[in-house]
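A.B. asks: Take a look at this one; I'll ask things after.
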Amino acid sequence: MSLLAVRRLLRIQRVVIRYRLDDLILDLPLPWWLRAVGYVLPWRWLPRRKLALSRGERVRLALQDLGPIFIKFGQLLSTRRDLLPVDMADELAFLQDQVPPFDSAHSLALIEAQLGAKVGDVFARFDSQPLASASVAQVHAAQLRSGEEVVVKVIRPGLKPVIRADIAWLFLLAKLAERVSTEARRLHPVEVVSDYEKTIYDELDLLREAANASQLRRNFEGSPLLYVPQVYWDWCRPQVLVMERIYGVQVTDMETLADQRTDLKMLAERGVEIFFTQVFRDSFFHADMHPGNIFVSTRTPWSPQYIAIDCGIIGSLTPEDQDYLARNLIAFFKRDYRKVAQLHIDSGWVPAETKVNDFEAAIRTVCEPIFERPLKDISFGLLLMRLFQTARRFNMEIQPQLVLLQKTLLNIEGLGRQLYPDLDLWTTAQPFLERWMRERVSPKNLLQNLQSQVEQVPHLAHMTRELLERMAQPHLHNPPLQQQPDRDHWALRLVGTALLGGGITLALAAASVTVAALWPAGLMSASGLYLILRR
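Rendered as structure tokens:
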């Protein structure tokens, strides 16, 4: 274990003692033996001055002192007002964009070092007082020499050693948990920490964030749903990002949104639509959607448009993940719990020997109470607890590649609760998913898929010819072939096999949407079978 990791552990202990977090922990309903351990901790017997801070302030300041990983944890918790007392949720909300800034002199020095030019040569105006400050970076307002109003984002100094130490401790705890607990092994904590390590280090590269913002902007170009500010690439570097300054209302500023008569119901529904569009249409979703990163345009409050910033964390799904999630959600909406159970077994998320009837009954017990109720009446905390119990009972494995998606869903739910508590998340999402599944088996998409397969025919034929030519070489000592098949015939059989397999897969997907969508899959399968049997 490195000296840095030991020092970091001591630092965490000092923060716990300084803000009396042990007192807060002992107020929880803990087992008697754990409570006994807490009372005999050495520092509890030392004289300590009384803190004139509320419990919310103590938690916020402790997370703030511990650095970016802990701050981001607090940001996530701040959106879950159903899980936290009001006073604590209000305090943690300050972590979204009101983290204490670092010295502006460091910003100026870093900007000039990264750009290789004086700040005055690049900007007509540069505000040394930060516009906003968060866990990883802070933002300054400025104006380019060409007249555009921009913001300049600068990475905090000295982050990497602290993050490295925190990640080291997380890996140690994850490995220890996997050794001593079968329940922990099911959750794959080491893989989860590994994914988070990649995510947090990616956030330190502002060129990656600039590229993500540019892609997200293209995906929603001209859309009334979402606006993404323009990136000024000439002035972007690994630790400096320059982009268009936006003017909007923070999504949690309910008073201002009400004053401008924003349609909150439409705003909440569009938030859900944006999320599903990013996940299923683009497979490219903003995965850090806490309120500090989301604004609402002031231009058309009757048709509200979101503005997204801070694209440092982006998630994506494979086509298999997309298809799996969509089919599960549609089955949930239709209350087809048997299909949900079967999909989990087919995908390998639960063991193949799982009894479908038992798993179906367990899922029905967990999910049935949530339907036909507005969001404000659904306890997702209770639902998650019940699902966890079900997962433990059936040895369901947590998929690490979906951790970002799960985190984003928590953010979406938190925003939905604040904007429009009566939002029916399921009714809003179901039509979108059914439309997406229909489009996957539409003639247009089938033609595009068929075209991509046809483009592979010359490549397959070339590979087949090369294989047959090598087999025909005398130095390979192959026995003479009685009847050497026609090389193009073998290539067509390979193409036919691909078409048949694609048709069967398409049929399985189409069956989950509508029977009428099966005909293209049948046509593809028949074409493949014809090519295979053709002599």
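Counting in UniProt numbering, the sequence shown runs from 1 upward without gaps.
Built from N, CA and C at the ideal position, the CB exists for glycine as well.
Because the structure is a prediction, the values reported are computed rather than measured.
1) Hey, could you find the ends of the beta strand (DSSP E) glycine 312 is sitting in?
2) Would you report the Cα separation of proline 59 and arginine 11, rounded to the nearest angstrom?
3) Classify tyrosine 247: buried if its beta carbon has 16 or more other beta carbons within 10 angstroms, exposed otherwise.
4) Alpha carbon to alpha carbon, what distance is there between alanine 36 and phenylalanine 285?
5) Got a sec, what are the start and stop residues for the alpha helix (DSSP H) serine 283 sits in?
6) Determine the extent of the alpha helix (DSSP H) in which isoleucine 345 is found, giving its start and end residues.
7) Can the beta-carbon of leucine 92 be found less than 7 Å from the beta-carbon of glycine 74?
8) With a CB to CB cut of under 8 Å and the five nearest residues on each side skipped, what residues in its chain are close to arginine 237?
9) In the DSSP assignment, find the unbroken alpha helix (DSSP H) run with serine 104 in it and report its ends.
10) Quick one: using the 10 Å Cβ neighbour count with 16 as the cut-off for buried, is serine 146 buried or exposed?
11) Please work out which residues of its chain come closer than 7 Å, Cβ to Cβ, to phenylalanine 432, disregarding the five sequence neighbours upstream and downstream, and give them in chain order.
12) Where does leucine 329 land, buried or exposed, given buried means 16+ other C-beta within 10 angstroms?
13) Could you tell me if arginine 281 is buried or exposed, where buried requires 16 or more neighbouring beta carbons within 10 angstroms of its beta carbon?
14) How big is the Cα-Cα spacing for aspartate 263 and leucine 61?
15) Quickly, what does DSSP pair residue 539 with across the bridge? List them, please.
16) Return the bridge partner residues of histidine 290 from the DSSP annotation.
17) Considering only their Cβ atoms, is the gap separating isoleucine 307 from tyrosine 227 smaller than 7 Å?
18) How should leucine 204 be labelled, buried or exposed, when 16 other C-beta atoms within 10 angstroms of its C-beta is the threshold for buried?
19) Contact check, methionine 289 vs asparagine 411 under 8 Å by CB: the rounded distance?
20) Would you list the one or two residues that DSSP bridges to glycine 120?
21) Looking only at DSSP bridge pairs, what is glutamate 149 linked to?
22) If we ignore side chains and look at the alpha-carbon of each, how far apart do proline 229 and leucine 51 end up?
23) Valine 242 and valine 150: beta carbons closer than 7 Å?
24) Assuming residue 536 and alanine 109 make a contact with CB atoms under 8 Å, what is their CB distance in whole Å?
25) If you reduce the DSSP assignment to three classes, tell me which class glutamine 129 lands in.
26) Taking all protein chains shown into account, decide if aspartate 121 is buried (16 or more other Cβ within 10 angstroms of its Cβ) or exposed.
27) Just checking my contact of alanine 174 with valine 152 at CB under 8 Å: how many whole Å lie between their CB atoms?
28) Cα separation between valine 15 and aspartate 424?
29) Reducing DSSP to helix, strand and coil, say where isoleucine 155 ends up.
30) Are there 16 or more other CB atoms within 10 angstroms of the CB of arginine 327, so buried, or fewer, so exposed?
31) What separation, rounded to the nearest whole angstrom, lies between the Cα atoms of histidine 188 and phenylalanine 171?
32) Cα separation between arginine 185 and aspartate 377?
33) Give me the Cβ distance between glutamine 138 and valine 154, rounded to the nearest whole Å; I'm assuming they're in contact under 8 Å.
34) Can you tell me which of the three DSSP states glycine 248 falls into?
35) What is the DSSP secondary structure of alanine 62, reduced to helix, strand or coil?
36) So proline 224 packs on serine 303, CB below 8 Å; how close in whole Å?
C.D. replies: Reading it off the structure:
1) Looking at the DSSP string, glycine 312 is not in any beta strand (DSSP E), and its letter there is neither H nor E.
2) Reading off the sequence shown, one finds valine at residue 59, where the question assumed proline. Near 15 Å, if we compare the C-alpha coordinates of arginine 11 and valine 59.
3) In summary, tyrosine 247 is exposed, with fewer than 16 beta-carbon neighbours lying within 10 Å of its beta-carbon over all protein chains present.
4) The alpha-carbon of phenylalanine 285 is positioned some 46 Å away from that of alanine 36.
5) It is not in any alpha helix (DSSP H) - serine 283 carries neither H nor E in the DSSP assignment.
6) Its alpha helix (DSSP H) spans residues 337-347.
7) In this structure, glycine 74 lies closer than 7 Å to leucine 92 by Cβ.
8) If we look at arginine 237 and ignore the five residues flanking it on each side, its Cβ neighbours are Gln114, Leu115, Leu206 and Leu207.
9) Membership of serine 104 in the alpha helix (DSSP H) is indicated by the continuous run 104-115.
10) Within a 10 Å sphere around the beta-carbon of serine 146 sit fewer than 16 other beta-carbons, which makes this residue exposed.
11) Counting only Cβ-Cβ distances below 7 Å, and skipping sequence neighbours, we find Glu273 and Phe276.
12) Taking all protein chains shown into account, leucine 329 has 16 or more neighbouring C-beta atoms within 10 Å of its C-beta and is therefore buried.
13) Exposed is the label assigned to arginine 281, since fewer than 16 other Cβ atoms lie within 10 Å of its Cβ.
14) Taking the straight line joining both Cα atoms gives about 36 Å.
15) Summary: the structure shown does not reach residue 539, with the chain confined to residues 1 through 535, and so no result is reported for it.
16) Histidine 290 is not bridged to any residue.
17) Taking a C-beta distance under 7 Å as the contact criterion, tyrosine 227 and isoleucine 307 qualify as a contact pair.
18) With 16 or more other CB atoms across the displayed protein chains lying within 10 angstroms of its CB, leucine 204 is buried.
19) That pair is a contact at about 4 Å.
20) DSSP, once it has assigned bridges, lists no residue as partnering glycine 120.
21) According to DSSP, glutamate 149 bridges with Gln143.
22) Using only the alpha carbons, I get a separation of about 43 Å.
23) Taking 7 Å as the Cβ cut-off, valine 242 and valine 150 qualify as a contacting pair.
24) This structure does not reach residue 536, given that the chain is present from 1 up to 535, and the question cannot be answered.
25) Coil at glutamine 129, not helix or strand.
26) Here aspartate 121 is exposed. Its C-beta has fewer than 16 other C-beta atoms within 10 Å.
27) Taking 8 Å as the upper bound for CB-CB distance, alanine 174 and valine 152 are not in contact here, some 37 Å apart.
28) The alpha-carbon of valine 15 is positioned some 41 Å away from that of aspartate 424.
29) Isoleucine 155: strand per DSSP, three-state reduction.
30) Its Cβ being crowded by 16 or more others within 10 Å, arginine 327 is buried.
31) Approximately 11 Å, taken between the alpha carbons.
32) The alpha-carbon atoms of arginine 185 and aspartate 377 are separated by roughly 34 Å.
33) The pair is a contact, with the Cβ atoms about 6 Å apart (cut-off 8 Å).
34) Here glycine 248 carries a strand assignment [DSSP, helix/strand/coil].
35) Three-state DSSP puts alanine 62 in a helix.
36) Rounded, the Cβ-Cβ distance is 6 Å, consistent with contact.
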